[in-house]
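As structure tokens, the structure follows; a few thoughts come after it.
2 protein chains.
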Amino acid sequence: MRTIEDYRDIVGDGVISNIYRKARKLYGKHILEINSTYQGGGVAEMLSSFIHLMNDIGIETDWNILHGTPDFFEITKLFHNALQGKPANLTENKRHIYLQTNEEFYMYTHISHDLVIVHDPQPLPLIKFYKKGQPWVWRCHIDISNPDKNLWEFLKPFILRYDMAILSNEKYKKNDLPVEQKIIYPAIDPLSPKNIDLSDEVIEKTLRKFDVKTDKPLITQISRYDLWKDPEGVLEVFKLVKEKVDCRLILCGSMATDDPEGLKVYERIKRKANRLIRSGDIILLNAENNTLVNSLQRRSAVVVQKSIREGFGLTISEALWKETPVVASNVGGIPIQIIDGENGFLVDPYDIKDCANKVITLLQNPALAEDMGKKGKEMVRKNFLITRLVQDYLDMLSQMLL
Amino acid sequence: MRTIEDYRDIVGDGVISNIYRKARKLYGKHILEINSTYQGGGVAEMLSSFIHLMNDIGIETDWNILHGTPDFFEITKLFHNALQGKPANLTENKRHIYLQTNEEFYMYTHISHDLVIVHDPQPLPLIKFYKKGQPWVWRCHIDISNPDKNLWEFLKPFILRYDMAILSNEKYKKNDLPVEQKIIYPAIDPLSPKNIDLSDEVIEKTLRKFDVKTDKPLITQISRYDLWKDPEGVLEVFKLVKEKVDCRLILCGSMATDDPEGLKVYERIKRKANRLIRSGDIILLNAENNTLVNSLQRRSAVVVQKSIREGFGLTISEALWKETPVVASNVGGIPIQIIDGENGFLVDPYDIKDCANKVITLLQNPALAEDMGKKGKEMVRKNFLITRLVQDYLDMLSQMLL
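For the record, the sequence lines run as chains L and R. First residue of the first sequence: 1, per the working numbering; consecutive thereafter. First residue of the second sequence: 1001, per the working numbering; consecutive thereafter.
Take a look at the structure:
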């Protein structure tokens, strides 16, 4: 298992020493993280690395997962979409299942920690059931700037009980929320199986295993099968690109256990791209395999992220870390990671043509692509690695506990 | 949410008062239950009811679930089968994943409870990683009387660290295990959605929803799709029965998240019974729906449980509680629940013909079937309801903690 020392070569002694220094005053503190999925999706992945490192530096950090029935996850997926602006039909029954699942968790989860961090809407109302004996922080990973009004009014009373809300973007701050709002960018773990250096041999072997041919340049989007990721838009972009440069499109997405919509979207794409899938020009992958994602991000000519909404968009940092140039929508946290024209291209999420042109530019200019990839990696090293996240959380903990 | 008071009408004031009395000396004690699945399978179901009642009577009981990747669950399924006697190939890699998953859980799960109860083989080695500061009890729900030798030698050192092992059957006690071995029978919750009284209207509506026609007598086996449950044997039995009495066979099984083998078995049955499925005489259901199971158990003419091995076989008690007669294999905990010829029939698990004859006997003798069903219900009321389980655990806790 990884320790903070293992990151010295990547971030330098200064950062490592800084982390130990910040941790020193927090020794013996006992933190609890609660989210709703162990596997699948960026939050679970980040938590897994983060919690290991926190324990490694001496901050006892527990992880507890709110369990629910498929019903519950359908409701919270609806909430997720509604917080991002899609109108939702909030029935009495849905509220009931949502609250009951949280109350059941409360029944069998005793909390005596020094601070509790609750992730995203699924376990948000837990706070209502506990006799609060410590600060609670709501860590929201999604874009809540334009939520469905009814849902927001339903959820806000729970948020008001928290001592702090952590958001991923200055733009997500809410004027109507009189709770301290702090911005902490998420981060990737450069030593996780998804991001660690791979030999050419491993990359080739992995891609062969999943039948990904590398005889043409690869355009790749890595994302859950989700309407907000606009996989259908990616198909349109690809068709335009292919008129100029022969290439292959890879859509690679896993199904998270808390995302029942995924399968439906996947099947729609499959129908729509039927002809190009049969010809082998489009490859749909549905695998929960970090080495595959890592290999694709390393071997692709261009990574695309055509999201309509994006909590933060860590797939951008993942690709940039591998020196692969990225063309991505100018939404959510993506412009925080990409300076347009510097370390990648930003495009309007509805401008298929511009997106295609930028992909073509990169395919036709290997020197530009290489330069952007290099700058991308440095951007990530400075701002979006897990060691920076650890430092930000240590600062937050110091503020709340000392 | 249910409270212990809700069971008064079913078990009587004496039992309820006895539970409160046993709980009194344990107030303030803090118990932790650890298993590896939240949904699917009898253990999760029993825990869910049990933990609620323990908290209701004032014993703070937490529930924590060991999470793992699909790899992990394939390995522990293999362990499960090998503990029941199927030879296993125990590679170094399998041991490694098994231990690593447990070590990771340890990393982010702080334990400061007064007593820890660990269920089944999945989280068994956890105990190795903790600095033990309280009694630990291993609660084994499966038949470990003839385990694969290599696996047993690998697992035994972990069991030795426990203060007690709880088994479901006197026959499962191990001579070579110098740890206190206690027998506690599992139990069903008469107020859970799977067992609660249903009106005829709800039963009819539910069966219609799942396309189960009730124009002929129903023979039903409720079981995960698992080789140990011998669904293929049930097909053979059904063919013999159908020569004498026109009837329909229902196989109803859900897929547990920790049971990757289920799908394979399901598909094999589907092929084998293809013709009878198309004619509508066999219905394969694959649903995680308690009201469906409840309705089937209430509406069936005969419930069959043709298992080759059975940890305990709570589906027997479930069916008996609904006054439905049962023909079941004389294995595992089944003869504890059925007195042959009294409240059901026991058959040799390999004697297809005898099993078919007993089913035919019940189909042709409604008065006998009714009498056995009534006796079955009283057997369950006395011995296999959750209130009895609560009392046994309170006794165990008193022994360990007072």
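Cβ coordinates follow ideal geometry from the N, Cα and C atoms, glycine included. All of these numbers come straight from a predicted model, not from anything done at the bench.
For residue i, the three-state DSSP class (helix, strand or coil)
{"i": "residue 303 (chain L)", "result": "strand"}
{"i": "residue 1191 (chain R)", "result": "coil"}
{"i": "residue 1287 (chain R)", "result": "coil"}
{"i": "residue 1173 (chain R)", "result": "coil"}
{"i": "residue 1033 (chain R)", "result": "strand"}
{"i": "residue 57 (chain L)", "result": "coil"}
{"i": "residue 1209 (chain R)", "result": "helix"}
{"i": "residue 347 (chain L)", "result": "strand"}
{"i": "residue 1164 (chain R)", "result": "strand"}
{"i": "residue 1197 (chain R)", "result": "coil"}
{"i": "residue 115 (chain L)", "result": "strand"}
{"i": "residue 62 (chain L)", "result": "strand"}
Span separating the alpha-carbon of residue i from that of residue j
{"i": "residue 1279 (chain R)", "j": "residue 1341 (chain R)", "result": "34 Å"}
{"i": "residue 23 (chain L)", "j": "residue 114 (chain L)", "result": "15 Å"}
{"i": "residue 1390 (chain R)", "j": "residue 1021 (chain R)", "result": "12 Å"}
{"i": "residue 1007 (chain R)", "j": "residue 78 (chain L)", "result": "37 Å"}
{"i": "residue 1199 (chain R)", "j": "residue 1109 (chain R)", "result": "44 Å"}
{"i": "residue 338 (chain L)", "j": "residue 303 (chain L)", "result": "13 Å"}
{"i": "residue 1011 (chain R)", "j": "residue 1383 (chain R)", "result": "11 Å"}
{"i": "residue 1106 (chain R)", "j": "residue 61 (chain L)", "result": "11 Å"}
{"i": "residue 365 (chain L)", "j": "residue 203 (chain L)", "result": "24 Å"}
{"i": "residue 403 (chain L)", "j": "residue 1038 (chain R)", "result": "Within the shown structure, residues of chain L are numbered from 1 to 402, placing residue 403 (chain L) beyond reach of any answer."}
{"i": "residue 180 (chain L)", "j": "residue 1268 (chain R)", "result": "58 Å"}
{"i": "residue 19 (chain L)", "j": "residue 144 (chain L)", "result": "31 Å"}
{"i": "residue 94 (chain L)", "j": "residue 1093 (chain R)", "result": "44 Å"}
{"i": "residue 250 (chain L)", "j": "residue 305 (chain L)", "result": "12 Å"}
{"i": "residue 1048 (chain R)", "j": "residue 69 (chain L)", "result": "13 Å"}
{"i": "residue 942 (chain R)", "j": "residue 14 (chain L)", "result": "Examination of residue 942 (chain R) is not possible in this model, given that chain R is present from 1001 through 1402 alone."}
{"i": "residue 209 (chain L)", "j": "residue 186 (chain L)", "result": "31 Å"}
{"i": "residue 310 (chain L)", "j": "residue 1217 (chain R)", "result": "55 Å"}
{"i": "residue 1073 (chain R)", "j": "residue 1067 (chain R)", "result": "9 Å"}
{"i": "residue 1002 (chain R)", "j": "residue 1016 (chain R)", "result": "14 Å"}
Listed by chain order, chain L residues near residue i by CB distance under 9 Å
{"i": "residue 1379 (chain R)", "result": "Neighbours of residue 1379 (chain R) on chain L: none; closest Cβ ~30 Å, over 9 Å."}
{"i": "residue 1055 (chain R)", "result": "107 and 108"}
Distance CB(residue i)-CB(residue j) smaller than 7 Å
{"i": "residue 1169 (chain R)", "j": "residue 1333 (chain R)", "result": "yes"}
{"i": "residue 1125 (chain R)", "j": "residue 1146 (chain R)", "result": "no"}
{"i": "residue 1188 (chain R)", "j": "residue 1314 (chain R)", "result": "yes"}
{"i": "residue 1230 (chain R)", "j": "residue 1308 (chain R)", "result": "yes"}
{"i": "residue 1183 (chain R)", "j": "residue 1167 (chain R)", "result": "yes"}
{"i": "residue 4 (chain L)", "j": "residue 26 (chain L)", "result": "no"}
{"i": "residue 343 (chain L)", "j": "residue 322 (chain L)", "result": "no"}
{"i": "residue 1082 (chain R)", "j": "residue 1155 (chain R)", "result": "no"}
{"i": "residue 1123 (chain R)", "j": "residue 1036 (chain R)", "result": "yes"}
{"i": "residue 1252 (chain R)", "j": "residue 1222 (chain R)", "result": "yes"}
{"i": "residue 1241 (chain R)", "j": "residue 1360 (chain R)", "result": "yes"}
{"i": "residue 1071 (chain R)", "j": "residue 1097 (chain R)", "result": "yes"}
{"i": "residue 1335 (chain R)", "j": "residue 1369 (chain R)", "result": "no"}
{"i": "residue 1345 (chain R)", "j": "residue 1327 (chain R)", "result": "yes"}
{"i": "residue 380 (chain L)", "j": "residue 320 (chain L)", "result": "yes"}
{"i": "residue 117 (chain L)", "j": "residue 45 (chain L)", "result": "no"}
{"i": "residue 1362 (chain R)", "j": "residue 1245 (chain R)", "result": "no"}
{"i": "residue 1282 (chain R)", "j": "residue 1276 (chain R)", "result": "yes"}
Proximal chain R residues relative to residue i, where beta-carbon distance stays under 7 Å
{"i": "residue 71 (chain L)", "result": "Near residue 71 (chain L) there are no residues of chain R at all, since even the closest Cβ is about 11 Å away, more than 7 Å."}
{"i": "residue 60 (chain L)", "result": "1110"}
Contacts of residue i in chain L (Cβ-Cβ under 7 Å)
{"i": "residue 1230 (chain R)", "result": "The premise fails here: residue 1230 (chain R) is roughly 29 Å from chain L at the closest Cβ pair, so nothing lies under 7 Å."}
{"i": "residue 1038 (chain R)", "result": "67"}
{"i": "residue 1030 (chain R)", "result": "110"}
CB contact below 7 Å: residue i versus chain B
{"i": "residue 1051 (chain R)", "result": "Note that chain B does not occur in the displayed structure, where the protein chains are L and R."}
Neighbouring residues, chain R, relative to residue i (Cβ below 8 Å)
{"i": "residue 122 (chain L)", "result": "Within 8 Å Cβ-Cβ: nothing; residue 122 (chain L) doesn't reach chain R, min ~14 Å."}
Neighbouring residues, chain L, relative to residue i (Cβ below 8 Å)
{"i": "residue 1065 (chain R)", "result": "65 and 67"}
- State whether the stretch 283-292 of chain L contacts the stretch 190-210 of chain L, with contact taken as three or more CB pairs (one from each stretch) at a distance under 8 Å. yes
- Stretch-stretch touch, CB-based, cutoff 8 Å, three pairs: the stretch 294-302 of chain L with the stretch 347-356 of chain L: no
- Report yes or no: do the stretch 1134-1142 of chain R and the stretch 1156-1167 of chain R share at least 3 C-beta pairs separated by less than 8 Å? yes
- Query: Does the pairing of the stretch 88-107 of chain L with the stretch 380-400 of chain L give three or more beta-carbon distances under 8 Å?
  - Reply: no
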